[in-house]
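> Counted from 1, the sequence shown has number 33 at position 10 by the working numbering; the numbering is strictly sequential. Got a structure for you, written out below as structure tokens; questions coming shortly.
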Amino acid sequence: MNERSDMDRVLRHWFADGPSEMPDRVVETVADRIGRQRQRRASRLPWRPYDMNSTIKIGTAIAAVFVLAVVGWNLLPGRPASSIGQPSSSPSPSATASQSPTPSPTPRSAQLVVQQKNIAWTADVPVGWVDNGWFLASSQGTESPTGIAVGAPGANYVPTDPCDGVGKNLDGQSVADVVAALEAREDLVVSNKVDTTLGGYSGTRVDIQAPADPSAYCGEDLFIIMAEPGGAGYHVEGPSETIQMWIVDVEGVPTVFQITSFAGTPPGDLAAAQQIVDSIVITPWS
């Protein structure tokens with residue numbers, strides 16, 4: 024047998040059995056041939072194919088066996104698929120749904136009357152507030168300790184006795200007369216008197232503080248602030264009630280608008296009440 028035939032037989036045997044190591048005689052033969060093999064000069068045309076020498080063939084065959092072995096190992100049942108050469112995938116960021124701001128409810132407009140007067144008034148009513156013909160009240164109600172209301176009681180007579188207002192009427196008097204009568208009451212604290220306008224009509228604004236124990240004056244009877252001849256008017260709704268009062272001249276008649284509240288009234292309701300007053304439109308009719 025010649026040298027090449029012997030080497031070819033050994034290689035066929037090695038590829039058939041799939042040994043993990045190459046026999047020493049093959050390595051020696053390959054090394055010997057590498058040293059004696061005449062190398063072909065490279066072609067001047069880089070795109071022209073050229074013949075592969077025996078050494079490259081052997082290396083290529085070994086590399087192919089290695090690649091086939093790796094692929095076969097990864098394809099065995101129960102083996103995870105190889106991620107070699109594959110770009111790692113990162114989870115796509117989940118889209119966050121944009122939240123549109125909830126628009127604030129638009130206040131409705133309500134028309135009310137000035138009690139016992141030929142005067143109507145219109146105001147913007149916040150959500151949660153209700154109208155009762157001549158006054159507006161929040162969900163807190165009108166009584167102590169958290170109540171609040173915006174109204175126009177119609178009465179403009181200030182009795183000297185808080186327990187007796189029947190039969191008294193001063194419709195012909197001025198805004199200044201009403202303010203003076205309030206200041207004359209020793210059971211009331213009147214402060215912050217300023218000139219003002221409301222709904223286009225001029226007048227005076229005052230703050231009034233009712234007593235901490237109204238029942239000490241009238242027992243179970245009503246503690247009256249304003250009165251009409253028939254006994255109607257306005258009385259306090261609880262201890263230490265605060266009354267912000269606008270007394271304006273509407274065609275020669277002193278007309279009262281007011282916010283009534285207590286120390287426990289929520290600040291949000293106080294702000295809403297002021298917005299109601301700021302939106303008031305006054306309309307007299309004959």
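For glycine and all other residues, C-beta sits at the position ideal for the given N, C-alpha and C.
1. In its own chain, which residues sit with a C-beta less than 6 Å from the C-beta of residue 152, not counting the 5 before and 5 after it?
2. Helix, strand or coil for residue 238, going by three-state DSSP, please let me know.
3. Give the secondary structure of residue 291 by DSSP, where H, G and I count as helix, E and B as strand, and everything else as coil.
4. Does DSSP put residue 25 in a helix, in a strand, or in coil?
5. State the Cα-Cα distance for the pair residue 170 and residue 300, rounded to the nearest angstrom.
6. Which stretch, first to last residue, makes up the alpha helix (DSSP H) that contains residue 148?
7. With DSSP collapsed to three states, give me the class of residue 159.
8. From residue 164 to residue 244, what does the alpha carbon distance come to, in whole angstroms?
9. Taking C-beta to C-beta, are residue 282 and residue 296 nearer than 7 Å?
10. Quick one, which of 252, 230, 276, 137 has its alpha-carbon nearest residue 284's?
11. Closest to residue 210 by C-alpha separation, out of 302, 172, 236, 272, would be which residue?
12. So the beta strand (DSSP E) residue 178 belongs to, where does it begin and stop?
13. Would residue 74 be called buried (16 or more neighbouring beta carbons within 10 Å of its own) or exposed?
14. When you compare each of 143, 168, 179, 177 to residue 289 by their alpha carbons, which one comes out closest?
15. Would you say residue 196 reaches chain D, if we count a Cβ-Cβ gap shorter than 7 Å as a contact?
16. Count the other C-beta atoms from every protein chain shown that fall within 10 angstroms of the C-beta of residue 232, then say buried if there are 16 or more, exposed otherwise.
17. If distances are taken between C-alpha atoms only, which option among 291, 275, 287 comes closest to residue 141?
18. What residue from 219, 246, 175 has the CA that sits closest to residue 184's CA?
The structure says:
1. Here the set comprises 159, 161.
2. Residue 238 carries a helical assignment under DSSP once its states are collapsed to helix, strand and coil.
3. Residue 291: helix per DSSP, three-state reduction.
4. Interpretation of residue 25 is limited by its pLDDT of 49, a score under 50 that renders its predicted location unreliable; no figure is taken from the coordinates.
5. Put simply, the backbone Cα of residue 170 is about 17 Å away from that of residue 300.
6. It is not in any alpha helix (DSSP H) - residue 148 instead sits in the beta strand (DSSP E) that spans 142–148.
7. Strand at residue 159.
8. Between the alpha carbons of residue 164 and residue 244 lies a gap of roughly 21 Å.
9. Going by C-beta atoms, residue 282 is nearer than 7 Å to residue 296.
10. The residue with the shortest Cα to Cα distance from residue 284 is 230.
11. Ranked by Cα distance from residue 210, the options 302, 172, 236, 272 are led by 236.
12. Segment: none, residue 178 is in no beta strand (DSSP E) and carries neither H nor E.
13. In this prediction, residue 74 has a pLDDT of 44, which is less than 50 and means its spatial position is unreliable; what the coordinates show is noted afterwards. Looking at its Cβ environment, which holds fewer than 16 other Cβ atoms inside 10 Å, residue 74 is exposed.
14. Closest option to residue 289, Cα to Cα, is 168.
15. Of the protein chains in the structure, only one exists, and it is not chain D.
16. By the C-beta density criterion, residue 232 is exposed, having fewer than 16 other C-beta atoms within 10 angstroms.
17. Distances from the alpha-carbon of residue 141 to those of 291, 275, 287 put 275 closest.
18. Nearest C-alpha to residue 184: 246.
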